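Q:
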Amino acid sequence: MMNRLRQGWEQASLYLPVLLMGLLALGTWWLVRNAPMPQLPAIDRPPSHQPDYFMKNFSVKSFDATGRLQSEVQGEMARHYPDSDTLEIDQVRMRSVTPEGRRTLATANRALTNADGTEVQLFGNAIVTREPVPAQAGAPAQPRLEFRSEFLHAYTDSERVRSDQPVVLTRGEDRFTADAMDYDNLDQVLQLRGRVRGVLMPGPAK
4 MMNRLRQGWE QASLYLPVLL MGLLALGTWW LVRNAPMPQL PAIDRPPSHQ
54 PDYFMKNFSV KSFDATGRLQ SEVQGEMARH YPDSDTLEID QVRMRSVTPE
104 GRRTLATANR ALTNADGTEV QLFGNAIVTR EPVPAQAGAP AQPRLEFRSE
154 FLHAYTDSER VRSDQPVVLT RGEDRFTADA MDYDNLDQVL QLRGRVRGVL
204 MPGPAK
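Under the working numbering, the sequence shown has 63 at position 60, and the numbering climbs by one with no breaks.
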């Protein structure tokens, strides 16, 4: 049972970079660069933690050279804070589509990103989902993968995702939980901390 649990988690963790990094890096990169530039103040003053511009009920899309949709970021309200040069988004909704057609979706009550999109934080009911992928060209089908936590922190330049709060990963019918997580895509190291549990459902009879 422990071997099956470990193998199941190792298979699920292979998809975390695609699930999280691609979505957050693409979505926030385009959102920050397409945000309107604030007007320069007439008098230089020390920046305060007050927003200098807003976006309401917005949608920002990015396309490749062929016109294919790569990513989209939507939100009810976005606020830019000049003192920290951060962008805060309420009721954020993100999606990305790979050239192969794999779709990843993410939602959260609130998102916070720095100016260059190298750090993205999702707060409150953060859900990231990779839709099922059918079998193609000798590659096996991949089941739906869903990642839930009240907090996710992605570092897109170093390709790390961490959370110091409970996390739930569902892959098909299998389910894993932990009290905290730290994933390093460059070193291919996944650390689960606290109470780690997993439930693996039996596969179809052969």
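No residue lacks a Cβ here, since even glycine has one placed at the ideal position from N, Cα and C.
Bear in mind the structure is a predicted one, so any value in this text is a computation, not a measurement.
Would you call the region 145–153 and the region 168–175 touching, i.e. three or more CB-CB distances under 8 Å?
A: Yes, the region 145–153 touches the region 168–175.
Q: Keeping to the same chain, check which residues put their C-beta closer than 6 Å to that of R96; ignore five residues upstream and five downstream.
A: Hits under 6 Å: Q77, T110.
Q: Are the region 154–162 and the region 111–131 touching, with three or more C-beta to C-beta distances below 8 Å?
A: Output reads yes: the region 111–131 touches the region 154–162.
Q: Excluding five sequence neighbours on each side, which residues of the same chain lie with their C-beta closer than 7 Å to the C-beta of P62?
A: According to the sequence displayed, residue 62 carries Ser and not Pro. Result list for S62: E75, Q77, in chain order.
Q: When you compare only the Cα positions, how much space is there between V192 and S87?
A: Each residue's Cα considered, the two are about 31 Å apart.
Q: Measure the C-alpha to C-alpha separation of Q73 and E134 and round it to an integer number of angstroms.
A: Approximately 15 Å, taken between the alpha carbons.
Q: Nearest to A138 by alpha carbon, out of E103, M184, N60, T107?
A: Of the candidates E103, M184, N60, T107, the one whose C-alpha sits nearest the C-alpha of A138 is E103.
Q: Report buried or exposed for D177, applying the criterion of at least 16 other Cβ atoms within 10 angstroms of its Cβ.
A: Flag for D177 reads buried.
Q: Here's a check: name, in chain order, each residue in its chain whose Cβ is nearer than 8 Å to the Cβ of R71, leaving out the five neighbours to either side.
A: For R71, where only same-chain residues beyond five positions count, the Cβ hits under 8 Å are V100, P102.
Q: I need the straight-line Cα distance from M184 to E91, nearest angstrom please.
A: Cα to Cα, M184 sits roughly 24 Å from E91.
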